[in-house]
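Asks:
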Amino acid sequence: MKIAIIGPGAMGCLFSHYLSRAGHELMLLDYRPERARSIAEQGVRVEEAGELLTTRVPVTADPGAVGGAELCIVAVKAYATRDALLRSRPLIGPETLVLSLQNGLGNVEAIAGVVPGGQVLGGTTAQGANVVGPGQIRHAGTGETVIGELLGPGSRAAMLAALFQEAGLEARTTDDLTGLIWSKVIINIGINALTALTRLPNGKLLDYPGTRAVMAAAVKEAAAVAGALDIRLLYPNPAERVEAVARATAANVSSMLQDVRARRRTEVDQIQGAVVAAGREKGVPAPVNETLWRLVKTLEASYAEQLGS
């Protein structure tokens, strides 16, 4: 299959590595030409099981150079989704499938504002990866990738899940894409902002009464918002599920903490911010999440002024 992966971050590089090695015709898109040249020269490098594996993947900053793709995987930050799709329109024909495996709320809707909804798929991945440098990542942990179709159950999600499985990546389908995405977002709600603010790895949040209490309160609020929207979560006890994920990924550095360390914009608007906004529409207050959202936004805005920086 001819596949374009939009975004050379941790997930973009990880999926490029696996899908290219499975024999697919792959192109990695990076809208920063200098970085694209660097990755093209050095390859996509994956630290995995004590080895450094290099995969030669074509990289370009010009989507017009790719021609049409059969599948586009969107792997940019959630706040960049719409702009990335607009820039990538030369890749997308009437039969092209567009798959989002991003964090946060609103990604598949943003894609459907550019691409017909019947071509849009979304999902979540529990793969863990950290960026080491341009085109180089550390594969921090394996996990399931779950894929669903925006307009409801169909054969395309099963086809893509099989494609991932054949590449050595655990994958399955879902008939409830909204419930899947919200279930992942609630895990992000409990972990990401707190790790960014405390600079702690995931598991350490459970070691301190303060962070554990805030985690539980934030998750309870987000679950209440989901309930008001009639969204069915994939687990019966959200607080227990988030704690279990934090334990299972104890040494992981969350994507939001990675962003803060690199002084980049985070996805807090699409995680805490989106849940707060949805709560307001339904009359469900989310003051803990609003506080976390405002604190992370302050952190982003004040990188240059922080003591010890």
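The numbering used here puts the first residue of the sequence shown at 1, with every later residue one more than the last. Every residue, glycine too, gets a C-beta built ideally from N, C-alpha and C.
Looking at C-alpha atoms only, which residue of Thr96, Ala10, Gly168 is the closest neighbour of Leu71?
Replies: Thr96
Asks: Could you check how far apart the C-beta atoms of Val219 and Gly190 are, in whole angstroms? I think they sit under 8 Å.
Replies: 4 Å
Asks: Considering only the alpha carbon of each residue, which of Leu101, Arg199, Met11, Thr291 lies closest to Ala140?
Replies: Met11
Asks: Asn130 lies in the beta strand (DSSP E); which residues open and close that run?
Replies: 128-133
Asks: What are the boundary residues of the beta strand (DSSP E) that Val44 is part of?
Replies: 44-48
Asks: What would DSSP say about Lys2, mapped onto helix, strand or coil?
Replies: strand
Asks: To the nearest angstrom, report how far apart Asp9 and Val132 are at their CA atoms.
Replies: Note on residue identity: the sequence assigns Gly, not Asp, to residue 9. One C-alpha to the other measures close to 10 Å.
Asks: Mapping DSSP to helix, strand and coil, what is His17?
Replies: His17 carries a helical assignment under DSSP once its states are collapsed to helix, strand and coil.
Asks: Using 8 Å as the cut-off, can you tell me whether the region 190-209 makes contact with the region 109-128, which would need three or more C-beta pairs spanning the two stretches below that distance?
Replies: Touching, no.
Asks: Who are the Cβ neighbours of Pro33 in its own chain at under 6 Å, not counting the five residues just before and after it?
Replies: Ala61
Asks: When the distance is taken between beta carbons, is Ala162 closer than 7 Å to Ala22?
Replies: no
Asks: So what's Leu53 in DSSP terms, helix, strand or just coil?
Replies: strand
Asks: Need the endpoints of the alpha helix (DSSP H) that Ile181 sits in, please.
Replies: 177-198
Asks: Mapping DSSP to helix, strand and coil, what is Arg263?
Replies: coil
Asks: Within 10 angstroms of its Cβ, does Val86 collect 16 or more other Cβ (buried), or is it exposed?
Replies: Going by the sequence as given, residue 86 is Leu instead of Val. Exposed, by the Cβ-count rule.
Asks: Along the beta strand (DSSP E) that carries Ser100, what are the first and last residues, could you check?
Replies: 97-100
Asks: Determine whether the beta carbon atoms of Leu105 and Ala274 lie at a separation below 7 Å.
Replies: yes
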